[in-house]
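In my numbering, the protein residues as written are 1129 to 1221. A short worksheet on the structure shown next.
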Amino acid sequence: MRGVAPLGAGGHLWHAEMRLWDNEILMGWHIADQEPIRSKGTVYFVIDPLGTYMTGRWVGRDHGGSIVTGWGAIAKTGDDALDLVIELMENER
């Protein structure tokens, strides 16, 4: 998979691969396609039993080189994904 982060926000071209494990776990990684951008990261998503959404975490490095992580969700709508991430964040506390 290839894509581009929004260029107006300092975006860049990227390359990613993902693999489905046991029909319930989606794991993958991404890297920047452009030098000198060092953006790299991983994702780990769990697919809900009905297959209607995925939730998980991403891990990567920020521009300063520090390791950063956060929640992520993939759903049918942006609002559904946002609701899932908010729920994950609230349950983490």
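C-beta: ideal position from N, C-alpha, C; glycine also.
query, result
"Excluding the five sequence neighbours on either side, which residues of its own chain have a C-beta within less than 6 Å of the C-beta of TRP1149, listed in chain order?", "none"
"Does DSSP classify ILE1214 as helix, strand or coil?", "helix"
"From the DSSP output, read off the bridge partner residues of LEU1148.", "LEU1154"
"Would you kindly work out how many angstroms separate the C-alpha atoms of LYS1168 and HIS1158, rounded to a whole number?", "6 Å"
"How about GLY1184 and GLY1200: do their beta carbons lie closer than 8 Å?", "yes"
"Which residues does DSSP pair with HIS1191 in a beta bridge?", "According to DSSP, which records beta bridges pairwise, HIS1191 is partnered with nothing at all."
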